[in-house]
Every structure is written in structure tokens, then in C-alpha cells.
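The opening position of the sequence shown corresponds to residue 1 in full-length UniProt numbering, with each subsequent residue numbered one higher.
Using N, Cα and C, we set each Cβ at its ideal position, and we do this for glycine too.
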Amino acid sequence: MYRRMSMMSNTSVFAATTFTNPFINADSPDNDVIRVGNTFYMTSTTMHMNPGVPIMKSYDLVNWEIVNYVYDTYANNDAQNLNNGQNEYGKGSWASSLRYYNGIYYVSFGSNSTGKTYIYQTSNIETGPWTSSVLGNYYHDASLLFDNGRVFLVYGSDNISIIELTADAKAIKPGGLNQVIISAASNIAGSSFIVKAEGAHIQKIKGMYYIFLICWPSGGKRTQLTYRASSLTGPYTGQVSLNDSGIAQGGIVDTPSGSWYAMLFKDSGAIGRMPYLVPVTWSNNWPVFGVNGKAPLTMDVPVEGYPEKKVYASDEFSSSQASSQLIANGGFENATISPWTNNNTAIVAATTTDYYSGSKSLFVSGRQQTAAGPKQVITGKVTAGGMYHFSAKVKYTEGPATKQFNFGIQNGPSYTGISILGSTTLTKGQWGTIQGTYTLPAGADLSQTFIFIETPYSSTPDPTNDLMNFYVDDVSFTGTSSSEATLKKEWQWNHNPDNTHWSLTQRPGFMRMTTGKVSKSILDARNTLTQRTFGPKSTGIIAMETSGMKDGDYSGLAAFQAKYGFVGIKMNGTSKSIVMVNASSGAMTEVASVPFTQNRVYLKLICDFTNQTDKAYFYYSLDGTNWTAIGNTLQMSYTIPHFMGYRFALFNYATKSTGGFVDFDYLNLQ
Ligand SMILES: [Ca+2]
Ligand SMILES: [Ca+2]
Numbered sequence: 001m002y003r004r005m006s007m008m009s010n011t012s013v014f015a016a017t018t019f020t021n022p023f024i025n026a027d028s029p030d031n032d033v034i035r036v037g038n039t040f041y042m043t044s045t046t047m048h049m050n051p052g053v054p055i056m057k058s059y060d061l062v063n064w065e066i067v068n069y070v071y072d073t074y075a076n077n078d079a080q081n082l083n084n085g086q087n088e089y090g091k092g093s094w095a096s097s098l099r100y101y102n103g104i105y106y107v108s109f110g111s112n113s114t115g116k117t118y119i120y121q122t123s124n125i126e127t128g129p130w131t132s133s134v135l136g137n138y139y140h141d142a143s144l145l146f147d148n149g150r151v152f153l154v155y156g157s158d159n160i161s162i163i164e165l166t167a168d169a170k171a172i173k174p175g176g177l178n179q180v181i182i183s184a185a186s187n188i189a190g191s192s193f194i195v196k197a198e199g200a201h202i203q204k205i206k207g208m209y210y211i212f213l214i215c216w217p218s219g220g221k222r223t224q225l226t227y228r229a230s231s232l233t234g235p236y237t238g239q240v241s242l243n244d245s246g247i248a249q250g251g252i253v254d255t256p257s258g259s260w261y262a263m264l265f266k267d268s269g270a271i272g273r274m275p276y277l278v279p280v281t282w283s284n285n286w287p288v289f290g291v292n293g294k295a296p297l298t299m300d301v302p303v304e305g306y307p308e309k310k311v312y313a314s315d316e317f318s319s320s321q322a323s324s325q326l327i328a329n330g331g332f333e334n335a336t337i338s339p340w341t342n343n344n345t346a347i348v349a350a351t352t353t354d355y356y357s358g359s360k361s362l363f364v365s366g367r368q369q370t371a372a373g374p375k376q377v378i379t380g381k382v383t384a385g386g387m388y389h390f391s392a393k394v395k396y397t398e399g400p401a402t403k404q405f406n407f408g409i410q411n412g413p414s415y416t417g418i419s420i421l422g423s424t425t426l427t428k429g430q431w432g433t434i435q436g437t438y439t440l441p442a443g444a445d446l447s448q449t450f451i452f453i454e455t456p457y458s459s460t461p462d463p464t465n466d467l468m469n470f471y472v473d474d475v476s477f478t479g480t481s482s483s484e485a486t487l488k489k490e491w492q493w494n495h496n497p498d499n500t501h502w503s504l505t506q507r508p509g510f511m512r513m514t515t516g517k518v519s520k521s522i523l524d525a526r527n528t529l530t531q532r533t534f535g536p537k538s539t540g541i542i543a544m545e546t547s548g549m550k551d552g553d554y555s556g557l558a559a560f561q562a563k564y565g566f567v568g569i570k571m572n573g574t575s576k577s578i579v580m581v582n583a584s585s586g587a588m589t590e591v592a593s594v595p596f597t598q599n600r601v602y603l604k605l606i607c608d609f610t611n612q613t614d615k616a617y618f619y620y621s622l623d624g625t626n627w628t629a630i631g632n633t634l635q636m637s638y639t640i641p642h643f644m645g646y647r648f649a650l651f652n653y654a655t656k657s658t659g660g661f662v663d664f665d666y667l668n669l670q
């Protein structure tokens, strides 16, 4: 059923009044949902894909769009960077918890790669910035609880445990609560299990503590459990809340008008794990899931009148003029000061002694020259002719009553590329701001670029009056990014991207991917760009230009999982061919090869998930109109090494030498 929304244009817009589960017909597992006012926000697990932990937004619980991510990268080790044969497939970030408390949004997640738990927080969930804290241990499927000024993580498998955090949610609280609160939580659902009770979501509702869990009894399906207690530490009593088709795992949320829903998900074959919205009613303060013990497939939309939204999108790769932040860790709130370094001879270190915002700033000491201070490289992020806004908070506490500080930039390796962008005369002991705008000259040497903070030049600097220690915080440099800002939010890179080897501006209108390492296969290639496949059938079409490819390069369009398949261009010597590769056996097998002599090619991938048939079909075209099937059918299978639904993947990797490139014109999703 549809209801007319408006007659503002010639095309009437109709909003559905009913919907069908799964409400997102694509991979979106481990959802955690909150409501703030009339807006719902939801996180999900995307494992080894970055940026990671998508923030999805909805007004009706059915139509969701990706508005942000919690991090660009959460760690930078070999596993995250696909270096030295390492990877973090199926690991990365797991089962996040999303909470809103006193104006701050909090997201926690654990990583099986690093064995740590991460807590991010922000006052603006849609734009950030996020600050991160790292707990030294991995807390499995942890759920955040804010309760009367205290903060807890509830986590674990079968024996569900609680551990207390500091009030700012940044660390484990010494001497805080730390105990098992539900022992053998699985036992209310059976006696032997494929998966014991886990996936905790704790919520306090009308003074009662509810802990939602999932378990998977042997011979049965994934099952939703609810425990409750009037005291945080128990005793908890539990019951089976839903045992229907494996739809389970998640918490509950209410609409502004007071209707309750559970946000659960179901394993669904090669497409991944898809989310299900289940109505919840209350009986004797127990939530009752579903209707007569079943999760309805078709339901009324919880909040009517909002337009359709998707978590995937076609992209023309057109350059936008969006302004983006080019400085990383500008508030010095991260675990390390990276990517900040020292300029000339200075000691630069994060400090909690003084700060302008957050809980840390950068302390600069040991200065030997007036230019000595903090430095951040922004090579590749700026373009000649671009206009940039810069700002930094600076403070010093010893020496003259007032002192001038400069915000500078150096374009190119020579000091002749230095420009002072702005200056402010500070008063001792007070934070001040250096800010302004800067247009990068047309002829600037962009082979290397960095920004820095300094005191004015003197060839014979005085230790007291020129080389004083100082603090820096909230450094910002925004403008038209040469790369990062313009990718649509629906894209995620496989593992950490190498941002120096892709560009949306080197050739406007195209995504240029340049190889930066020699790879064995697509599985250890960097800068593979992905989006979710979707059901019941989805088609991805790309146009790609290949004149920059080098001997040994592969590029094209993949159905990406451990058992991947692709159609693409292979360069062998000076000859190109269109190849179809099928890796369903676990080994990369070239099934078909057709000679190819032109620059531009069109590639198509059709995924059929109808009734979990899970088949992928591959095609190519020389003109974008006439299509030819190539190779064989890929039998897609959801495998645990990747632990993720199949993705459409645009790739370009080298097997012999680096430096080749391809230009992707568009991805068209149907
Ligand atoms: Ca700060
Ligand atoms: Ca284009």
C-alpha cells in the first residue's frame, strides 16, 4: 500500500504504508538502534571494510540511509593494511553498541584483530568528529549502559558479565563493578548449543534492566532470549522471546508515539545477514516479541510518511566541491599523535595537562629553531587553485607577556615553498586562535605539502622570547579535498585504503585507481572499493578505461567474498584480454579469456539471491549496449573467513610492478 506524499512536482511521491521484512534487503547484521527525538540511528557490523561502523539514519525504522561512519580506520597494523601477508577478513570491528547520553553519542565495539575494545564518542553523530578510547581487552559483543551517572559494559558468552567504566566512558574504572551477572544464560533454551548465549543488548526501561541475548540450540534455530532484573547485578530471570526462522539478536526501541519494536537479523545465505523489524508488546513488564510467536513478514510502517531510502547507491564519480577536513587528529584526542610529527628540532607529545577541547592537546617543547613545532603532512589532499580555511588553538605559559604565532604551509621539498598563512599575537597563559583563508597558488609544487605552527623567524632566536614551549589544539584545514570527501557514503574500502593511490580529481568524472603494491590476488590487493549486493536480484554495471594498465595488472568488477568471481581486464605483456575468474574452489581459476584491443570496456555482474539460489552471472560489452556472457556461473557461498555478504567490488591490482592505473567512469546499480 502506498500513500501520496506530495504533488510538489509532476511526479507524485508515494510513501509506503506497509513494508516487508527484511526491511533492508542486504547485509546489515548486529544492528543496534536508538531514537533521539524523532530520529532513529542504527549501527551495524562491517568487519574489515572501511570506513567502518556505519551510522544509519531513519525516521520510520524501515527506510535507512548511511549518514556517517564511526572511523576511517580504527587501527593501522599489517592486518588492517593487507601488508606482509596479513589480513583481518571476518574480524575488524564486531557487534557495536550505540547509545546517547547527556548530549553525547557513544559507540563501542570489539576487534578480534587487535584483541581490544574501542569506545568512540561525539556530540554530532552525523558529522563527528569522533574521539576514541581503547580498552586493553576484547569484551565480546559488549553493550553500553549509562545508569545514574555510571557507565557499564555488559558482555560475554553464556556467562554474561558486567564491567564498569569511568564516568567519561574512556577507561575501565579501577575497583568498579566487575562480575558475572547471568550464569549459563543459554540454559533456558536447551541443553546443547551451536552458539551459546551472546550478543548482549542491555537496556533500562521504566526502572527495570533488560538484557537481550541470542543463542542457537543444537538442532534448532537462532533464538531470542530476554532476561530481566530490578537490580543491575540481578538476580536475572529469563525467557525465550522469539524462536522463528532464526530471526534473533538485538535490542528494542520505541517510536515517538510509544509503539515498541525489536531490531533483529537473520542469516540469509550469500547476501549476508539481513535485518528484521519485529513488533513488541508488553505483558507484566515482559516484552512480547512478534505476533503469536511469529515475526510478521509484512507490517505497517511504524511511522508513516517518509520517503524510500537505500544503503547502496549508483555513483558517477563526479567531482563535487564539498568541503572536507584535511587534518587528521586535529584535537589530539587519539591514542597516539599520529599523523602529527615534529617540524625541525622539537619534542611534540600529547598532554592532558592543558587543552582547549576534549581532554588532550599537543605540548611542544625542546625547540631549537623558531620553525620548530608540530607538522602534519597533507600531500595529495590539496589541489592548486583550491581555497582552504585554516584554524588552530595555541597557548604558551612562559616568557614574554605577548607573542606572535604563525600558521604555515610548505609546498614542495624546498623552503622556498613556505608561506605564512596567518598570525595571531597571543597573551601569555591564554588560548588564542590563528585562523584565515588561503588559496593554494596555481603553480605550487604539490609533490609534498605540510602545515606547521611556529614563532616568527629569527636567525639568532632567544630561548625565552622565541623558543618557548607551547600547546596546540583543534587544528583544522578544510577545503576541497583532492580525494577523500567526494566518495558517496555507501562505499567502503576493503581493509584500510591507501589514500595516496586513488583520486576523483586527477581525471574529473572518474575514479582513478593506481596500483601501489604487488599482490597475489584480489584478496590481498589494496583499494578495492565495495558496496553491498542486494536482493532478491541486483545488477552492477561499470564502465572502465584501461589505457594506463601495466603488464601483470588485473582490474574490473567482482562479486567479492572469499569465494569470489570477477569479470575484468588482464594485461599480459602489451596485450589485454577480458577474463572471467571463478574462485569458488578456493583457488583463482581463469575460466574464460577474450582478446581486447580498445581502451573503454563495460562490465556487468548480476547477483540472484532469490530463495538463496545465490548465483552470479558475468558479462562484458564493448559499446555499453550489446552484452556478451563470459565464463561460468559463480555459485556464491557465505563463508566464515569473510563473515560478510557478497559485495560489488571495483578493483585494480598489480601482480608484477606498481604504477598502472584504470579510470572507473561509473557504477550503475539496478
Ligand atoms: Ca583536544
Ligand atoms: Ca563518471
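Can you tell me whether D623 is buried or exposed? The criterion is at least 16 other CB atoms within 10 Å of its CB, across all chains shown. Here residue 623 is taken as the residue at index 623 of the sequence shown, counted from 1. Exposed is the call here.
Is it the case that the Cβ atoms of F534 and Y355 are separated by a distance below 7 angstroms? Sequence index remark: in the sequence shown, residue 534 carries index 534 (1-based). Sequence index remark: in the sequence shown, residue 355 carries index 355 (1-based). Y355 is positioned such that its CB atom lies no closer than 7 angstroms to that of F534.
Is the beta carbon of E333 within less than 6 angstroms of some heavy atom of ligand 1? In the sequence shown, the residue the question calls residue 333 occupies position 333. Short note on E333: C-beta closer than 6 angstroms to some heavy atom of ligand 1.
Going by the CB atoms, is the gap between N343 and G373 shorter than 7 angstroms? By 1-based counting over the sequence shown, the position of residue 373 is 373. By 1-based counting over the sequence shown, the position of residue 343 is 343. Yes, the pair counts as a contact, with Cβ atoms nearer than the cut-off.
Can you tell me the Cα-Cα spacing of A559 and Q325, whole angstroms? Counting from 1 along the sequence shown, the entry for residue 559 is found at position 559. Counting from 1 along the sequence shown, the entry for residue 325 is found at position 325. Distance from the CA atom of A559 to the CA atom of Q325, rounded to whole angstroms, is 33 angstroms.
Helix, strand or coil, according to DSSP, for T495 in the structure here? Taking the first residue of the sequence shown as 1, we reach residue 495 at position 495. Looking at the sequence shown, residue 495 is not Thr but His. Here H495 sits in coil by DSSP.
Classify T455 as buried or exposed, calling it buried when 16 or more other Cβ atoms lie within 10 Å of its own Cβ. One-based indexing of the sequence shown puts residue 455 at position 455. Buried, by the Cβ-count rule.
Can you give me the start and stop residues for the beta strand (DSSP E) that A197 sits inside? Along the sequence shown, one-based indexing puts residue 197 at 197. For A197, the enclosing beta strand (DSSP E) starts and ends at 193-205.
Among T539, T237, T298, T464, nearest to S183 - alpha-carbon criterion: Within the sequence shown, residue 183 is the residue found at index 183, counting from 1. Nearest of T539, T237, T298, T464 to S183, Cα basis: T237.
Could you tell me the alpha carbon to alpha carbon distance between S113 and M549, rounded to whole angstroms? Your numbering for residue 113 matches position 113 in the sequence shown. Your numbering for residue 549 matches position 549 in the sequence shown. Taking the straight line from one Cα to the other gives about 34 angstroms.
Which residue marks the beginning of the beta strand (DSSP E) containing A543, and which one marks its end? Position 543 of the sequence shown, counted from the first residue, corresponds to residue 543. Counted as a single uninterrupted DSSP element, the beta strand (DSSP E) harbouring A543 occupies residues 537-545.
Count the CB pairs spanning the segment 272-281 and the segment 51-58 that are closer than 8 angstroms, and state whether there are at least three. Contact fails: fewer than three Cβ-Cβ distances are below 8 angstroms.
Classify D147: buried if its beta carbon has 16 or more other beta carbons within 10 angstroms, exposed otherwise. What you label residue 147 is simply residue 147 of the sequence shown in a count that begins at 1. D147 should be labelled exposed.
Exposed or buried, which one is V662 when buried takes at least 16 other CB atoms within 10 Å? In the sequence shown, counting from the first residue as 1, residue 662 sits at position 662. A residue is called buried when at least 16 other Cβ atoms come within 10 angstroms of its Cβ; V662 meets this threshold and is buried.
Alpha carbons only, please: which of T226, G156, N81 is nearest the one belonging to T73? Translated into positions along the sequence shown, residue 73 becomes position 73. Put simply, of T226, G156, N81 the residue whose alpha carbon is nearest the alpha carbon of T73 is N81.
Endpoints, alpha helix (DSSP H) assigned at D78: For the purposes of this step, residue 78 is identified with residue 78 of the sequence shown, where counting begins at 1. Element bounds for D78: 78-81.
Determine the burial state of I640: buried for a count of at least 16 other Cβ atoms within 10 Å of its Cβ, exposed for fewer. Start at 1 with the first residue of the sequence shown, and residue 640 comes out as number 640. Under this definition I640 is an exposed residue.
Following a CB-centred definition, is G128 positioned closer than 6 angstroms to any heavy atom of ligand 1? Start at 1 with the first residue of the sequence shown, and residue 128 comes out as number 128. G128 has its CB no nearer than 6 angstroms to any heavy atom of ligand 1.
Confirm, please, whether the CB-CB distance from D32 to S93 is below 7 angstroms. Along the sequence shown, read from residue 1 onward, the residue named residue 93 stands at position 93. Along the sequence shown, read from residue 1 onward, the residue named residue 32 stands at position 32. Going by C-beta atoms, S93 is not nearer than 7 angstroms to D32.
Answer yes or no: the CB of S133 versus the heavy atoms of ligand 1, is any distance below 6 angstroms? Locating residue 133 in the sequence shown gives position 133, where the first residue counts as 1. With a cutoff of 6 angstroms, S133 does not count as near ligand 1, since its C-beta is closer than that to no heavy atom of the ligand.
In angstroms with no decimal places, state the Cα-to-Cα distance between K520 and N285. One-based indexing of the sequence shown puts residue 520 at position 520. One-based indexing of the sequence shown puts residue 285 at position 285. K520 and N285 have their alpha carbons spaced roughly 57 angstroms apart.
Whose C-beta lies closer than 8 angstroms to the C-beta of S218 among residues of the same chain, with five residues either side of it excluded? One-based indexing of the sequence shown puts residue 218 at position 218. So the list reads G190, S192, F193, I194, once near-sequence residues are dropped.
Within this structure, are the beta carbons of G552 and T460 separated by less than 7 angstroms? Position 552 of the sequence shown, counted from the start, is the residue given in the question as residue 552. Position 460 of the sequence shown, counted from the start, is the residue given in the question as residue 460. No, these two residues do not count as a Cβ contact at 7 angstroms.
Could you say which of T233, R532, F109, D267 lies nearest to Q249 if we only look at CA atoms? Locating residue 249 in the sequence shown gives position 249, counting from the first residue. Shortest Cα-Cα distance from Q249 to any of T233, R532, F109, D267 involves D267.
Between which two residues does the beta strand (DSSP E) carrying L297 extend? Position 297 of the sequence shown, counted from the start, is the residue given in the question as residue 297. For L297, there is no enclosing beta strand (DSSP E), since its DSSP letter is neither H nor E.
Distance between H495 and P413 (C-alpha atoms, nearest Å): Sequence index remark: in the sequence shown, residue 413 carries index 413 (1-based). Sequence index remark: in the sequence shown, residue 495 carries index 495 (1-based). Answer to the nearest angstrom: the Cα atoms are 31 angstroms apart.
Suppose the cutoff is 6 angstroms on Cβ atoms and the five residues either side in sequence are ignored; what does the same chain contact list for I337 look like? Counting from 1 along the sequence shown, the entry for residue 337 is found at position 337. These residues qualify, in order along the chain: A350.
Own chain, CB closer than 8 angstroms to S483, minus 5 neighbours either side, in chain order: Here residue 483 is taken as the residue at index 483 of the sequence shown, counted from 1. Interpretation of S483 is limited by its pLDDT of 44, a score under 50 that renders its predicted location unreliable; the figure taken from the coordinates is listed afterwards. Within the same chain, G380, K381, N499, W502, S503, L504, T505 come within 8 angstroms of S483 by CB-CB distance, once the 5 residues on both sides are set aside.
To the nearest angstrom, how far is the alpha carbon of A543 from that of F664? Within the sequence shown, numbered from 1, the residue matching residue 543 stands at position 543. Within the sequence shown, numbered from 1, the residue matching residue 664 stands at position 664. Whole-angstrom Cα-Cα distance: 6 angstroms.
Excluding the 5 residues preceding and the 5 following N411 in the sequence, name in chain order all residues of the same chain whose CB lies nearer than 6 angstroms to its CB. As a first step, residue 411 is located in the sequence shown; it is residue number 411 there, counting from the start. Non-local beta-carbon contacts of N411 in its own chain, meaning distances under 6 angstroms to residues more than five positions away in sequence, involve G417, A444, D445, T449 in chain order.
At what residue ranges does the segment 122-203 contain a whole run of the alpha helix (DSSP H), taking only runs of 4 or more? Within the segment 122-203, no run of alpha helix (DSSP H) reaches 4 residues while sitting entirely inside it.
Buried versus exposed call for I378 [16 or more other C-beta atoms within 10 Å across all chains shown]: Along the sequence shown, read from residue 1 onward, the residue named residue 378 stands at position 378. It is buried - the Cβ of I378 has at least 16 other Cβ atoms within 10 Å.
Collect the residues with a C-beta less than 7 angstroms away from any heavy atom of ligand 2 and give them in sequence order along the chain. Residues flagged by the Cβ proximity filter: E316, F317, S318, G509, F510, D665, Y666.
Reference Y155; option with closest CA among S123, T341, N187, F212: On the sequence shown, residue 155 is found 155 positions in, with the first residue counted as 1. Answer by Cα proximity: F212.
Any idea what DSSP makes of Y564, helix, strand or coil? The sequence position of residue 564 within the sequence shown is 564, counting from 1. In the displayed model, Y564 falls within coil according to three-state DSSP, outside both helix and strand.
At least three beta-carbon pairs within less than 8 angstroms, the segment 286-295 to the segment 457-475: Taking a cut-off of 8 angstroms for Cβ pairs, the segment 286-295 and the segment 457-475 do not touch, as fewer than three such pairs fall below it.
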